[in-house]
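Since the structure comes first, as structure tokens, the remarks are kept for the end.
In our numbering, the protein residues as written are 1 to 185.
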């Protein structure tokens, strides 16, 4: 006697294709298109890719909002930071950094190795002496009120993130835009 059911068959009874592979393929194609858009439009700064551990790695899209404490900004790396990075053999990723804004116009920012980072009198973070490779870090050893066109950047995700504690406030004209996470991993 023959059975009408085939054991081990992967073909659906209705004759339609399985939904899961189609959805997976659509997702892969969509992700590839998004990555191609991000890489192909790097000059337009609509979407950027972050691979630095100081921010969640992933894709960030440009927002229409102005820089302010709490916002994430992309900015041209200050010359002092570029010099330090190159001195220690780092040459990739020096055109722009992505960091959160910790303080803006009118905020009092103090940085020292002994006291760490203080914003408006509140201790926010220590100041590391060395980076993750053991190289000495520079320090922006100052205490002052930020001007109207200055932003102090601090990335708490990594204790010794290379942020404004080491190269100082970033001027408005160095900011490429405010960004929000689009997809992080």
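All C-beta atoms in this analysis are idealised placements derived from N, C-alpha and C, irrespective of residue type, glycine included.
Nothing here was measured: the structure is a model prediction, and the numbers come from that model.
Open item on the list: Between residue 60 and residue 182, how many whole angstroms is the CB-CB distance? I'm expecting something under 8 Å.
Closed with: Within the chain shown, the letter at position 60 stands for residue 60. Within the chain shown, the letter at position 182 stands for residue 182. With 8 Å as the limit, residue 60 and residue 182 qualify as a contact, their Cβ atoms being about 6 Å apart.
Task: Same chain only: Cβ atoms within 6 Å of residue 131, ignoring 5 sequence neighbours per side - done: Here the question's residue 131 lines up with position 131 in the chain shown. Excluding positions up to five away in sequence, the list reads 137, 160.
TODO: Return the Cβ separation of residue 141 and residue 111 in integer angstroms, given the expectation that the two are a contact with Cβ distance under 8 Å.
DONE: Looking up residue 141 in the chain shown gives position 141. Looking up residue 111 in the chain shown gives position 111. Confirmed, Cβ separation roughly 6 Å.
Open item on the list: Distance check for residue 116 and residue 158, CA to CA, integer angstroms please.
Closed with: Residue 158 sits at position 158 when you count from the first residue of the chain shown. Residue 116 sits at position 116 when you count from the first residue of the chain shown. Looking at the two C-alpha atoms, the distance is approximately 15 Å.
TODO: In angstroms with no decimal places, state the Cα-to-Cα distance between residue 184 and residue 56.
DONE: What you label residue 184 is simply residue 184 of the chain shown in a count that begins at 1. What you label residue 56 is simply residue 56 of the chain shown in a count that begins at 1. Taking the CA atoms as reference points, residue 184 sits about 6 Å from residue 56.
Open item on the list: If distances are taken between C-alpha atoms only, which option among 134, 133, 128, 103 comes closest to residue 119?
Closed with: One-based indexing of the chain shown puts residue 119 at position 119. Taking residue 119 as reference, the option from 134, 133, 128, 103 with the minimal CA-CA separation is 103.
- [ ] Please state whether DSSP places residue 166 in a helix, a strand or coil.
- [x] Taking the chain shown and counting its residues from 1, the one referred to as residue 166 is at position 166. Residue state, collapsed to three classes: helix.
Task: Residues that residue 151 bridges to, as DSSP identifies them - done: In the chain shown, the residue the question calls residue 151 occupies position 151. BP columns for residue 151 point to 170.
TODO: Measure the alpha-carbon distance for residue 87 versus residue 48 and round it to whole angstroms.
DONE: Here residue 87 corresponds to residue number 87 of the chain shown, with the count starting at 1. Here residue 48 corresponds to residue number 48 of the chain shown, with the count starting at 1. Approximately 26 Å, taken between the alpha carbons.
TODO: Consult DSSP for residue 63 and reduce its assignment to one of helix, strand or coil.
DONE: Working through the chain shown from its first residue, we reach residue 63 at position 63. DSSP, read as helix, strand or coil, puts residue 63 in strand.
Task: Alpha carbon of residue 66 to alpha carbon of residue 180, nearest angstrom - done: Here residue 66 is taken as the residue at index 66 of the chain shown, counted from 1. Here residue 180 is taken as the residue at index 180 of the chain shown, counted from 1. Approximately 12 Å, taken between the alpha carbons.
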